[in-house]
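Numbering of the sequence shown is given in the UniProt record's numbering, commencing with residue 1 and proceeding in unit increments.
Glycine is no exception: its CB is placed at the ideal position from the N, C-alpha and C atoms.
Predicted model, so just to flag it, every value in this text is computed and none were measured.
Here's the structure, in structure tokens; my notes come after.
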Amino acid sequence: MLNTSLTAANAYNLAQRLTNQAQSDNTLQKAADTNTDFGAMVKEGVMGVLDKGQVAEKTTSAMVHGKADVVDVVTAVAETEVALETMVSVRDRMISAYEEVMRMSI
1 MLNTSLTAAN AYNLAQRLTN QAQSDNTLQK AADTNTDFGA MVKEGVMGVL
51 DKGQVAEKTT SAMVHGKADV VDVVTAVAET EVALETMVSV RDRMISAYEE
101 VMRMSI
């Protein structure tokens, strides 16, 4: 029973990550199609991560008070984790691009 629950939870987590990745790809395509400011785009991404973190905190608090299910908490925390991992990945790519530009000869 426990193994089946873990397998189902892992499958759900993978499906959620793939969905979030597809949504991120759509967001990136929309950003490429419009003429937006890079700083505004970064700010929007950070605000999205913060919003997901706040939802996870509220869901956890609701579970402590008996108003939410464990599945809701796990889902909210997983969404926050994926958003944070995406933000860290973007940060790493930006640093790598900056370092590459700095190595270029003038």
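*Which of helix, strand or coil does DSSP assign to Lys43?*
In the structure shown, Lys43 sits in a helix (DSSP, three-state: H, G or I).
*Might you give, ordered along the chain, the residues of its own chain that have their beta carbon closer than 6 Å to the beta carbon of Thr60, omitting 5 neighbours on each side?*
If we look at Thr60 and ignore the five residues flanking it on each side, its Cβ neighbours are Val73.
*With a floor of 4 residues, list each alpha helix (DSSP H) that falls wholly inside the stretch 38-104, ordered by position along the chain.*
If we require 4 residues or more, the alpha helix (DSSP H) runs fully inside the stretch 38-104 come out as 38-64 and 70-103.
*Nearest-angstrom Cα distance between Val71 and Ile106?*
For Val71 and Ile106, the distance between alpha carbons rounds to 55 Å.
*Note down, in chain order, each residue of its chain lying with its Cβ closer than 7 Å to the Cβ of Val49, except the 5 sequence neighbours on either side.*
Taken in chain order, the residues that qualify are Ala83, Leu84 and Met87.
*Identify which residue in Glu79, Met102, Glu99 and Glu100 has its Cα closest to the Cα of Glu57.*
The residue with the shortest Cα to Cα distance from Glu57 is Glu79.
*Measure the alpha-carbon distance for Met47 versus Asp92 and round it to whole angstroms.*
Looking at the two C-alpha atoms, the distance is approximately 18 Å.
_Alpha-carbon spacing of Gly66 relative to Gln16, whole angstroms_ = Going by the C-alpha atoms only, they are around 25 Å apart.
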